[in-house]
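The sequence shown finishes on residue 616 if you use the working numbering, and the numbering steps up by one all the way, no holes. Glycine included, each C-beta is placed from N, C-alpha and C at the ideal position. To keep things clear, I will list the structure first and then write my remarks on it.
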Amino acid sequence: MEKDARPNWENPMQFVLACVSYAVGLGNVWRFPYLCQMHGGGGFLIPYLIMLVLEGVPLFYMELAIGQKMRLGSIGAWSAISPYLGGIGLASVLTSLYLCLYYNILNAWSFWYLFNSFQSVLPWAECPLNANMTGPDEECERATPTQYFFYRQTLNISSSIDETGGMQVGQVLCLLLAWVFTFLFILRGVKSTGKVVYFTATFPYVVLFIYLIRGLTLHGSANGIKFMFTPKMEQLADPRTWVNAATQIFYSLGLGFGSLIAFASYNEYNNNFERQAIVVSMINSGTSIFASIVTFAIYGFKATVNFESCLERTRMLLLNTFDMAEELITLDNVGGWLEKLNSTYPEQFAGLTGVLEECDLEAELGNAVEGAGLAFIVYSEGIKNMPLPQLWSVLYFFMLLTIGMGSMLGNVTAIITPLRDFKVVSRNISIEALSALVCVFCLLVGLSFTTRQGNYWFTMFNDYAASFSLFFIVLVEVIIVSYVYGITRFEKDVEDMLGRKPSWFWKILLVAVSPVLLLCLFIFYIVGYIQGGTPTYQAWDKDLGRSVVMEYPVYGQVFIGLLLVSTISCIPLSALYTYCRRKPRPGTPEQSQTALRELGETETGVVPPSEHCSQD
């Protein structure tokens, strides 16, 4: 596209809100609290904040600078630096495509839960009757009502990935609705997106603040918050803690997907992206911690309720077994009575083996639940025990929808913007038609996630479609900018846009700290993947009423390999294709010109001006 034909954000605030709406996603609400819980609460915050400063902020700054300077999407921007680097943008587009394929199923689930919230009794609050109408459903009794509603009534999930089944009509309709909304939001490109982000970027904070106030008033919320901020320092010695912290930064800020480059390409040339990079990064990380406080307050409430229910069952068991007066044993002194009765009546107490439960509040709080389990099961469990649960359910799932839709704007923009930069596309296909084609394609492929085994494929995409490729893409990006394009030229570009050179802080991080850290984390990730053995997933066992660990079948492992290789292979294959396409035939005049140009590049280390986009 011609530069003067490229649309701009109406004002810098639209760009900031678009970045916030995109960066603040479902990962802030479920993945960050899960990782925080899994890695010892406050112990995870330390590597997270370190990775934010040393990697997140400088790489965010770098991608905004590239997009604003080149005024092109990811493919065009990297091709402008060198024709051989277009594969970096292609890898980003493919990663964003994978994300789009499965991400909107989360919005479909949010629609499903939202619609089911308008009932006099929440459908996940109690077990439905069995087929004979004689009692509660057996699977629901073995599990919990919230688990049953998610796995059986929402997903109608199969027992393994090998067991096939048809599409669930409710999920199909909700997925269709999610893609219709996505299409409407991106219909006119940056013009419509710029309007939508005013709502998608701000409304979640209103709901989170309401939930924070409500959460802090819940019984046991302090237990959850205390658990979150109590560090387990031994976790700092575990490389997985640092790898997960870095991965969360990439996912949370949207690094490597190409969305930030696409958003920044619609900026005015002299826009102060440096300040915006710091502001958006701080808002994003602050939101993760803020959302975690809300989550752990509800988590503490749920854990305390479960703990006290366990104590009440133990109390009643002791009263009935030892024929004691009811007022003797209370929830506060159950533990003391257990020790006293065990020492006084050892034989009778031994008869309770296998019946007596072990009640442990720390175990309840440390029972980490990831992904959909946290967003749709744990939260539902907490909501159903609140006064006016319908109100809190509507607020929560509408907030999830808002967050999810805001992230989808960035995901789809990362695909559409690079495609629009190809003149053959921009001249022959309107932006409305291109948006419709992308949305319809993603919808049709995404229907596979609405089948009975679809949740297992969703988990596969969620675990393997982006993490490995993001590490590789961002590592290549920072090496190219610092050592191929050159930090000196990057300095001049920044000075041209902002009127001042970047400080030593940015240069040290981009040239030394970030590349070394990324390389170490990339190696740790590969080693951890190899040592992990055969990839596994959580399969729902309806007979046990809980999830069990199963290994992926051979075809699943092959598909995982294809997911991992497909994105990173774009970079060398694209470079090879460009080389073969540009290589002059022997004996032609172009051969000597190419040889002279390549010699000049080798001696000076500078890419010729014709091979990168400069702003006049």
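Approximately 14 Å separates the beta-carbon atoms of K384 and A143; this is outside 8 Å, ruling out the contact.
For D541, the secondary structure class from DSSP, reduced to helix, strand or coil, is strand. Residues M324, I329, V334, W337, L338 and L341 of the same chain have their beta carbon placed closer than 8 Å to that of L318, with the five preceding and five following residues left out of the count. 8 Å or more divides the Cβ of T314 from the Cβ of E347. When DSSP states are grouped into helix, strand and coil, L356 belongs to the coil group. The stretch 405-418 makes contact with the stretch 192-202; the number of CB pairs closer than 8 Å reaches 3 or more.
Of all C-beta pairs linking the stretch 482-489 to the stretch 36-44, fewer than three are shorter than 8 Å, placing the two stretches out of contact. For M550, the enclosing beta strand (DSSP E) covers residues R546 to E551. About 5 Å separates the CB atoms of A303 and L365; that is less than 8 Å, so the two are in contact. Contiguous beta strand (DSSP E) elements confined to the stretch 44-76 do not occur, taking only those with 3 or more residues. Along the stretch 82-118, the alpha helix (DSSP H) occurs as fully enclosed runs of 4 or more residues at 86-116, listed in sequence order. Taken atom to atom, the span from the alpha-carbon of T164 to that of M62 is near 45 Å. Spanning the alpha carbons of D238 and V527 requires a straight line of approximately 13 Å.
L129 sits in a strand when the DSSP states are folded into three classes. The C-beta separation of N411 from S96 comes to about 5 Å, placing the pair in contact by the 8 Å criterion. Note on geometry: alpha-carbon atoms of S192 and A80 lie some 28 Å from one another. Between the stretch 445-460 and the stretch 147-163, the count of C-beta pairs closer than 8 Å reaches three or more; the two stretches touch. Listed in chain order, the non-local C-beta contacts of A108 below 7 Å within the same chain comprise Q171, C174, L175 and A178, local neighbours out to five positions each way being set aside.
The count of Cβ pairs closer than 8 Å, one atom from the stretch 80-92 and one from the stretch 561-579, reaches three, so the stretches are in contact. With respect to the 8 Å criterion, A262 and F273 are not classified as neighbours on the basis of their beta carbons. Counting C-beta pairs with one atom in each stretch, the stretch 466-483 and the stretch 521-539 have three or more that are closer than 8 Å, which means they touch. Between P204 and V16 a beta carbon distance of about 15 Å is seen, past the 8 Å cut, so the two are scored as non-contacting. If you draw a straight line from the Cα of P515 to the Cα of L255, it comes to about 14 Å.
In terms of CA proximity to L106, V29 leads the group E268, V29 and C359. In the structure shown, M497 adopts helical secondary structure according to DSSP, grouped into three states. Take the alpha-carbon of V206 and the one of W392: they are about 13 Å apart.
P553 sits exposed, since fewer than 16 C-beta atoms from the chains shown fall within 10 Å of its C-beta.
Nearest Cα to S285 within the set C19, T567, T413 and V558: C19. Taking the CA atoms as reference points, M133 sits about 14 Å from C140. Taking the Cα of D421 as reference, the smallest distance to any Cα among Q390, T247 and L90 is reached at L90. Taking 8 Å as the cut-off, the Cβ atoms of L331 and L361 do not count as close.
Classified as exposed, P387 has fewer than 16 neighbouring CB atoms from the shown chains inside 10 Å of its CB. Counting other Cβ atoms within 10 Å of its Cβ, Y269 stays below 16 and is therefore classed as exposed.
Between the stretch 240-257 and the stretch 43-54, the count of C-beta pairs closer than 8 Å reaches three or more; the two stretches touch. Cβ-Cβ distances below 6 Å link L395 to V207 in the same chain, with the five nearest sequence neighbours on each side left out; the list follows chain order. Inclusion of A466 and L99 in the CB contact set at 8 Å is warranted, their separation being smaller than that value.
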